[in-house]
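Enquirer: Take a look at this one; I'll ask things after.
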Amino acid sequence: MTSSRNQILGNIRRGLQRDLLTGDALDQVRTRLREHPANTVPARSQLPQDQQIALFESMANEAAAELIELKTLEALPGTVAEFCRENGIDQLVSASDPALTALDWSGIDNLEITHRVAQAGDSASLTTSFCGIAETGTLMLLSGPHSPTTLNFLPDTHLVLLKQSQIVGAYEEAWARLRQHSDAMPRTVNMITGPSRSADIEQKLQMGAHGPKRLIILLLRD
Amino acid sequence: MQIHSPEFKQRAGDALDNANLQRALGNLRDGFPQKRAAAVARMPEFEQLRNEGRDLKNHILANLDFYLEQFEDNVIKQGGQVHWARDGEEARRAILEICRNAGAKTVTKGKSMVSEEINLNDYLEANGVKPVETDLGEYILQLREDHPSHIIAPAIHLNLDDVSDIFHKKHNRPRSEDPAELMQEAREMLRKQFVAADVGITGANFCVAETGSTIIVTNEGNGDLTQTLPRVHVVITTIEKVVPTLEDMTLFLRLLARSATGQEFTVYNTLSSGPRRPEDQDGPEEFHVVLLDNGRSEMIGSEFQEMLRCIRCSACMNHCPVYGAIGGHAYGWVYPGPMGSVLTPKLIGVDKAGHLPNASTFCGKCESVCPVKIPLPKLMRHWREREFERHLSPKGFRFGLGTWAWFARRPGLYRWVSRSSSWFLKRLGGKQGRIRSLPLGKGWTAWRDMPAPQGSTFMDQWKRHQQTQQQKNKG
Ligand code: SF4
Chain A
37 MTSSRNQILG NIRRGLQRDL LTGDALDQVR TRLREHPANT VPARSQLPQD
87 QQIALFESMA NEAAAELIEL KTLEALPGTV AEFCRENGID QLVSASDPAL
137 TALDWSGIDN LEITHRVAQA GDSASLTTSF CGIAETGTLM LLSGPHSPTT
187 LNFLPDTHLV LLKQSQIVGA YEEAWARLRQ HSDAMPRTVN MITGPSRSAD
237 IEQKLQMGAH GPKRLIILLL RD
Chain B
190 MQIHSPEFKQ RAGDALDNAN LQRALGNLRD GFPQKRAAAV ARMPEFEQLR
240 NEGRDLKNHI LANLDFYLEQ FEDNVIKQGG QVHWARDGEE ARRAILEICR
290 NAGAKTVTKG KSMVSEEINL NDYLEANGVK PVETDLGEYI LQLREDHPSH
340 IIAPAIHLNL DDVSDIFHKK HNRPRSEDPA ELMQEAREML RKQFVAADVG
390 ITGANFCVAE TGSTIIVTNE GNGDLTQTLP RVHVVITTIE KVVPTLEDMT
440 LFLRLLARSA TGQEFTVYNT LSSGPRRPED QDGPEEFHVV LLDNGRSEMI
490 GSEFQEMLRC IRCSACMNHC PVYGAIGGHA YGWVYPGPMG SVLTPKLIGV
540 DKAGHLPNAS TFCGKCESVC PVKIPLPKLM RHWREREFER HLSPKGFRFG
590 LGTWAWFARR PGLYRWVSRS SSWFLKRLGG KQGRIRSLPL GKGWTAWRDM
640 PAPQGSTFMD QWKRHQQTQQ QKNKG
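Going down the list, the sequences are from chains A and B. Remember, the working numbering sits 36 above the position in the first sequence when you count from 1. Remember, the working numbering sits 189 above the position in the second sequence when you count from 1.
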C-alpha cells in the first residue's frame with residue numbers, strides 16, 4: 037500500500053504529465069528558493085529615510101496605533117510610568133530584553149514591574165521590536181528567550197519600543213534584515229498593524245477583540 | 190458541515206423571503222465592495238500585482254510536488270511534523286490522534302474553512318474532545334449551533350438582535366444590545382478557554398516552502414492566542430496553499446488584505462515555524478501540519494486547475510449579485526458564492542452540487558475583482574456542460590432546450606412562432622408593459638416583473654434594416 041503522501045504527490049505528477057523534476061526545471065525552482073527574488077515592490081515606501089519614518093507614523097496612526105515620542109532611550113522608564121499613571125495601570129509585565137532591563141527603573145514607584153510570560157488578566161506589557169515597516173505602519177516582533185509571544189497578545193495594552201533607525205520601507209526589506217539577523221526562523225514572527233479588532237457583529241468595526249485593545253508605539257528618535 | 194447543496198432552489202427561495210437575512214445582507218452589499226475599491230485606488234500597482242499573483246500561482250501549481258516536498262523538509266528541520274491526508278477522514282483521524290496523545294479534553298480553534306470542510310468539530314465532539322471556536326463570528330455560530338455563511342465574515346447572515354439573544358441565553362448575563370459590550374463579553378468568556386486548552390488548532394493562509402513556516406492572517410488576535418498558549422499547535426491546511434518564499438508570500442498578503450476587507454494590511458500576520466525553541470519561555474512544545482488533499486490533486490491538469498489559484502479572499506462573493514441576494518447558506522455547503530460554485534461540485538460531487546454553477550447571472554464581476562484572475566464564469570460554464578452531458582440537468586430544462594433546437598432548425602416556423610408569442614406577451618403586459626406572472630415561467634416572475642416585448646421581433650427588424658440598407662446603397 038502506498039502512503040497517502042506518495043499518492044497525493046503521484047496524483048499531482050500524473051496531472052502535470054511528468055515524473056520528478058529534473059535538469060533545468062529543477063535548477064529553476066531551486067534557484068527561486070535560494071535567491072528568493074522580490075516581486076513588484078510598491079513605489080509608495082521607496083523613499084529617503086526621513087520620509088519613510090513619516091510614512092510609518094501616518095500609516096500606524098491610520099491603523100489606530102498610538103505613537104509616543106522618545107527623545108532618548110533613557111527617557112523610556114519615565115515616559116512609560118507617566119503613561120501608566122494617566123491610564124490607571126499599576127502593573128506592567130516587561131520583556132527581559134537587555135535593552136529594557138539595562139535602563140534605570142529605580143525612580144519608578146507607581147508601577148509593579150515583573151519579567152515573565154503574560155497571563156490572563158494582565159493589564160499592560162512592554163516589549164521591544166525587530167523593525168518597523170513604513171509601507172503599512174507595521175511592527176515586526178520576533179519570539180526569543182527575551183521576548184515571549186504571549187506579551188504581544190494577552191495584556192489589554194501593549195507598549196512597544198521602536199527605534200526610528202529600525203524603520204524600513206517595504207516588507208521585503210524586513211525579510212532581508214531577518215535573514216541577516218539569523219540563519220533560522222524564530223518560532224514566531226509577528227507582524228502587527230494596530231490594535232486588535234473585529235467586525236463580526238453586523239460588519240461594524242469594534243476595537244479590542246481578543247488581542248490588545250491599545251497598541252502604543254514608543255518611537256525613539258535615535 | 191452537512192451537505193444541503195441539492196436543496197439549493199428551495200433554500201434560495203426561502204432566503205429571498207427571509208426579512209432578517211435580507212437586512213443582514215444589506216451590511217455586506219454596503220460594506221465590502223466600497224472598502225475594496227478604496228484600497229485598490231490607493232495602490233497604483235494593484236493590477237500589476239494581480240497579474241504577478243496569477244502567474245506565480247500558475248508557476249507554483251506547475252511545480253506543486255517540488256514545493257510541497259521542500260515545505261515538508263523544512264517543517265521537519267525545525268522540529269515539526271507533517272501529516273498527509275488524502276481525504277477528510279484521514280485528516281480527522283490524524284488530528285484526533287494528536288489530541289489523544291496530548292491527553293486533550295478541550296481544543297481551541299482559530300477560524301478555518303478547511304476544518305469546516307472536513308466536519309472536524311462534530312467528529313472531535315463525538316470522540317470526547319471539546320472544540321471551542323475563538324473567532325468572534327465563529328464563536329457566535331457555535332453557540333447557535335449554526336454554520337458560517339461567508340468565508341471571512343462567518344456570521345454575516347446574523348443581526349445584532351441574534352447575537353444579543355444568544356449571549357443572553359448562554360452567558361447568563363443581562364441582555365445587551367451594544368456591540369462593544371457583546372465583544373467584551375465574548376473576550377472574557379474565551380480568556381479562560383484559551384488558557385485551559387491542551388491543543389490549539391488553526392488554519393493557514395499560506396505555507397512557505399523556503400522556511401517551513403505557516404502563516405495566519407487575522408484581525409482579532411484569537412488565532413495567535415490559540416496557537417501560543419496550548420502545549421500543542423496543529424495547523425490544518427490544504428496542498429495548494431504552499432508558496433515558494435517569504436517574498437512570494439508577501440505578494441499574496443498585499444493582494445489578500447485589500448481584496449478581502451479593503452484594509453491596507455490585516456492586523457496580525459503571524460508566521461509559525463516549528464515548536465518553541467529550547468530557550469523560549471512560551472509557545473507550543475509540538476507543531477503539527479496536516480496537509481489535506483480532498484480532491485485537489487485531481488484538479489491538476491484538468492479544466493478546473495485554475496481554481497486552485499484561489500487565496501480565499503471572498504471578493505468574488507462580496508461582489509456577486511446572486512450571493513448578495515440569497516446569502517451563503519442557500520449554497521448548502523462550506524464554500525458559497527462564485528468560488529464555491531466552482532469548487533463545491535469538485536469536492537462533494539457533481540451529482541450533489543452540479544446545479545450550483547447555474548446560480549450565476551454570468552455578469553463577470555467575480556472575475557474582474559479576483560486578485561489571482563480566476564476565470565470563474567468560464568469554469569462555471571464547464572460545469573454546466575458537464576452537468577448537461579451527464580443528463581443531470583432537470584427534465585424541464587432539457588425539454589426546453591430540445592424544443593428550442595427543433596424550432597431553430599425550421600426557420601419559417603421559428604419566425605412564425607416567435608412573432609405570435611411576442612404578440613401574445615405584449616397583450617399580456619397590458620398598458621404598463623410589464624408581466625406580473627408568466628405562464629410556464631412562474632419561477633422567473635415570482636421575484637420580479639418581466640418586461641413585455643416591444644415592437645416587432647428581432648428577425649423582422651433585421652429584415653427591414655437590410656432592406657433599407659439595400660435601398661440606400663442603390664440610391
Ligand atoms: S476565487 Fe478569487 S475572488 Fe474568489 S475567493 Fe478565490 S481568490 Fe478571492
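For each residue, glycine too, the CB sits at the ideal point set by N, CA and C.
In whole angstroms, give me the CA-to-CA distance for A/Ala90 and B/Pro419.
Expert: For the purposes of this step, residue 90 of chain A is identified with residue 54 of the first sequence, where counting begins at 1. For the purposes of this step, residue 419 of chain B is identified with residue 230 of the second sequence, where counting begins at 1. The straight-line gap from Cα to Cα measures roughly 39 Å.
Enquirer: Would you mind working out which of B/Gln643, B/Ser461, B/Lys554 and B/Val561 sits nearest B/Val264, comparing C-alpha positions?
Expert: Taking the second sequence and counting its residues from 1, one reaches residue 264 of chain B at position 75. Residue B/Ser461 is the option with its Cα nearest to B/Val264.
Enquirer: Note down, in chain order, each residue of its chain lying with its Cβ closer than 6 Å to the Cβ of A/Ala135, except the 5 sequence neighbours on either side.
Expert: For this step, residue 135 of chain A is matched to residue 99 along the first sequence. Excluding positions up to five away in sequence, the list reads Thr164.
Enquirer: Using a Cβ cut-off of 7 Å, pull out every chain A residue sitting near B/Asn252, in sequence order please.
Expert: Residue 252 of chain B sits at position 63 when you count from the first residue of the second sequence. Within chain A, the residues near B/Asn252 are Leu57 and Val65.
Enquirer: Could you give the C-beta distance for B/Pro642 and B/Ser609, rounded to a whole number, given that I count them as a contact under 8 Å?
Expert: Working through the second sequence from its first residue, we reach residue 642 of chain B at position 453. Working through the second sequence from its first residue, we reach residue 609 of chain B at position 420. Not confirmed; about 11 Å, so no contact.
Enquirer: Going by DSSP, what residue range makes up the alpha helix (DSSP H) through B/Thr434?
Expert: One-based indexing of the second sequence puts residue 434 of chain B at position 245. No alpha helix (DSSP H) contains B/Thr434, which DSSP labels as neither H nor E.
Enquirer: In the DSSP assignment, what are the bridge partners of B/Met528?
Expert: The sequence position of residue 528 of chain B within the second sequence is 339, counting from 1. B/Met528 is not bridged to any residue.
Enquirer: What residues of chain B sit near A/Gly230, judged by a beta carbon separation below 7 Å?
Expert: Taking the first residue of the first sequence as position 1, residue 230 of chain A is located at position 194. Those are Val456, listed as they occur along chain B.
Enquirer: Distance check for B/Met648 and B/Cys396, CA to CA, integer angstroms please.
Expert: Against the second sequence, residue 396 of chain B aligns to sequence position 207. Against the second sequence, residue 648 of chain B aligns to sequence position 459. For B/Cys396 and B/Met648, the distance between alpha carbons rounds to 57 Å.
Enquirer: Expressed to the nearest angstrom, what Euclidean distance is found between the alpha-carbon atoms of B/Ala227 and B/Thr592?
Expert: Reading the second sequence from its first residue, position 38 is the one you call residue 227 of chain B. Reading the second sequence from its first residue, position 403 is the one you call residue 592 of chain B. The straight-line gap from Cα to Cα measures roughly 48 Å.
Enquirer: Within 10 angstroms of its Cβ, does B/Pro464 collect 16 or more other Cβ (buried), or is it exposed?
Expert: Taking the second sequence and counting its residues from 1, the one referred to as residue 464 of chain B is at position 275. Its Cβ being crowded by 16 or more others within 10 Å, B/Pro464 is buried.
Enquirer: Work out the CA separation of B/Asn411 and A/His246 for me, nearest whole Å.
Expert: For this step, residue 246 of chain A is matched to residue 210 along the first sequence. For this step, residue 411 of chain B is matched to residue 222 along the second sequence. Rounded to whole angstroms, A/His246 to B/Asn411 spans 5 Å at the Cα level.
Enquirer: Does the beta-carbon of B/Ser503, which I'm using as the reference point, lie nearer than 6 Å to any heavy atom of ligand 1?
Expert: Residue 503 of chain B sits at position 314 when you count from the first residue of the second sequence. Result yes, Cβ under 6 Å from ligand 1.
Enquirer: Just to check my reading of the structure: B/Val479 and B/Val424 have Cβ atoms closer than 8 Å, yes? What is that Cβ distance to the nearest angstrom?
Expert: The residue labelled residue 479 of chain B in the question sits at position 290 within the second sequence. The residue labelled residue 424 of chain B in the question sits at position 235 within the second sequence. Rounded, the Cβ-Cβ distance is 7 Å, consistent with contact.
Enquirer: I'd like to confirm the pairing. Which residues does DSSP put opposite B/Trp273 in its beta bridges?
Expert: Translated into the one-based positions of the second sequence, residue 273 of chain B becomes position 84. B/Trp273 is bridged to B/Leu480.
Enquirer: Using a cut-off of 8 Å between C-beta atoms, extract the partners of B/Asn594 located in chain A.
Expert: Within the second sequence, the letter at position 405 stands for residue 594 of chain B. It should be pointed out that residue 594 of chain B corresponds to Ala in this sequence rather than to Asn. Here the premise fails: no neighbours, minimum Cβ distance about 35 Å.
Enquirer: Please report the Cβ distance between B/Lys294 and B/Val271, rounded to the nearest whole angstrom; I am assuming they are in contact, meaning their Cβ atoms lie under 8 Å.
Expert: Numbered from 1 along the second sequence, position 105 holds the residue referred to as residue 294 of chain B. Numbered from 1 along the second sequence, position 82 holds the residue referred to as residue 271 of chain B. No, B/Lys294 and B/Val271 are not in contact; Cβ-Cβ is about 26 Å, not under 8 Å.
Enquirer: What is the rounded straight-line gap between the Cα of B/Ile405 and the Cα of B/Leu330?
Expert: Within the second sequence, residue 405 of chain B is the residue found at index 216, counting from 1. Within the second sequence, residue 330 of chain B is the residue found at index 141, counting from 1. Rounded to whole angstroms, B/Ile405 to B/Leu330 spans 21 Å at the Cα level.
Enquirer: Tell me, please, whether the CB atom of B/Leu460 is closer than 7 Å to any CB atom in chain A?
Expert: By one-based count along the second sequence, residue 460 of chain B stands at place 271. Yes - at least one Cβ of chain A is within 7 Å of the one on B/Leu460.
Enquirer: For A/Met37 and A/Gln43, I'd like the C-alpha separation in whole angstroms.
Expert: Walking along the first sequence from the start, residue 37 of chain A turns up at place 1. Walking along the first sequence from the start, residue 43 of chain A turns up at place 7. Legend: pLDDT at A/Met37 = 46, less than 50; position of this residue unreliable, value from coordinates given subsequently. A/Met37 and A/Gln43: Cα-Cα distance of roughly 10 Å.
Enquirer: Say whether the region 63 to 73 of chain A touches the region 187 to 201 of chain A, bearing in mind that this needs 3 or more beta-carbon pairs closer than 8 Å, one atom from each stretch.
Expert: Judged by Cβ distances under 8 Å, the region 63 to 73 of chain A makes no contact with the region 187 to 201 of chain A, as fewer than three pairs qualify.
Enquirer: Could you run through the region 39 to 56 of chain A and flag, in chain order, every residue whose CB is less than 8 Å away from some CB of chain B?
Expert: Residues Ser39, Ser40, Arg41, Gln43, Ile44, Leu45, Asn47, Ile48, Arg49, Arg50, Gly51, Leu52, Gln53 and Leu56.
Enquirer: Would you say B/Met528 touches ligand 1, meaning its beta carbon is less than 6 Å from a heavy atom?
Expert: In the second sequence, residue 528 of chain B corresponds to position 339, counting from 1. At least one heavy atom of ligand 1 is nearer than 6 Å to the Cβ of B/Met528, so yes.
Enquirer: Taking 7 Å as the cut-off, decide whether the C-beta atoms of B/Tyr328 and B/Glu334 are in contact.
Expert: On the second sequence, residue 328 of chain B is found 139 positions in, with the first residue counted as 1. On the second sequence, residue 334 of chain B is found 145 positions in, with the first residue counted as 1. It is not a contact, given that the beta carbons lie outside the stated cut-off.
Enquirer: Can you tell me whether B/Cys700 sits near ligand 1, meaning its C-beta is under 6 Å from at least one heavy atom of the ligand?
Expert: It is not possible to answer for residue 700 of chain B, since the shown part of chain B is limited to 190 through 664.
Enquirer: Which partner residues of B/Tyr328 appear in the DSSP bridge assignment?
Expert: In the second sequence, residue 328 of chain B corresponds to position 139, counting from 1. For B/Tyr328, which the question treats as bridged, DSSP gives no partner whatsoever.
Enquirer: Can we count B/Val303 as close to ligand 1, meaning its CB is less than 6 Å from some heavy atom?
Expert: Within the second sequence, numbered from 1, the residue matching residue 303 of chain B stands at position 114. No, Cβ of B/Val303 sits at least 6 Å from all heavy atoms of ligand 1.
Enquirer: What span of residues does the beta strand (DSSP E) with A/Gln127 cover, start to end?
Expert: Against the first sequence, residue 127 of chain A aligns to sequence position 91. Its beta strand (DSSP E) spans residues Gln127 to Ser130.
Enquirer: Under the assumption that B/Glu568 contacts B/Met488 (Cβ atoms under 8 Å), give the Cβ distance between them as a whole number of angstroms.
Expert: Working through the second sequence from its first residue, we reach residue 568 of chain B at position 379. Working through the second sequence from its first residue, we reach residue 488 of chain B at position 299. Per the sequence shown, the amino acid found at residue 568 of chain B is Leu instead of Glu. B/Leu568 to B/Met488, Cβ: 10 Å. No contact.
Enquirer: Bridge partners for A/Leu256 per DSSP, in chain order?
Expert: Looking up residue 256 of chain A in the first sequence gives position 220. The partner list for A/Leu256 (beta bridge, DSSP) reads A/Leu106 and A/Lys199.
Enquirer: A/Ser259 lies in the alpha helix (DSSP H); which residues open and close that run?
Expert: No information on residue 259 of chain A is available, as it lies outside the stretch 37 to 258 that chain A covers here.
Enquirer: Given that B/Asp311 touches chain A, what residues does it touch there, using C-beta distances under 8 Å?
Expert: The residue you call residue 311 of chain B lines up with position 122 of the second sequence. The contacting residues do not exist; B/Asp311 stays about 22 Å from chain A at best.
Enquirer: Might you give, ordered along the chain, the residues of its own chain that have their beta carbon closer than 7 Å to the beta carbon of B/Cys505, omitting 5 neighbours on each side?
Expert: As a first step, residue 505 of chain B is located in the second sequence; it is residue number 316 there, counting from the start. Excluding sequence neighbours, B/Cys505 sits near Gly526, Pro527, Met528, Cys555, Val558, Cys559 and Leu565.
Enquirer: Given the structure, does B/Ile249 come close to ligand 1, in the sense that its CB is under 6 Å from one of the ligand's heavy atoms?
Expert: Taking the second sequence and counting its residues from 1, the one referred to as residue 249 of chain B is at position 60. Because no heavy atom of ligand 1 lies under 6 Å away, the Cβ of B/Ile249 does not count as near it: no.
Enquirer: When you measure from the CB of B/Ile563 to every non-hydrogen atom of ligand 1, does any distance come out below 6 Å?
Expert: Position 374 of the second sequence, counted from the first residue, corresponds to residue 563 of chain B. The answer is yes for B/Ile563.
Enquirer: Please find out if some non-hydrogen atom of ligand 1 comes closer than 6 Å to the beta-carbon of B/Cys499.
Expert: Along the second sequence, read from residue 1 onward, the residue named residue 499 of chain B stands at position 310. It does: the Cβ of B/Cys499 is within 6 Å (strictly closer) of some heavy atom of ligand 1.
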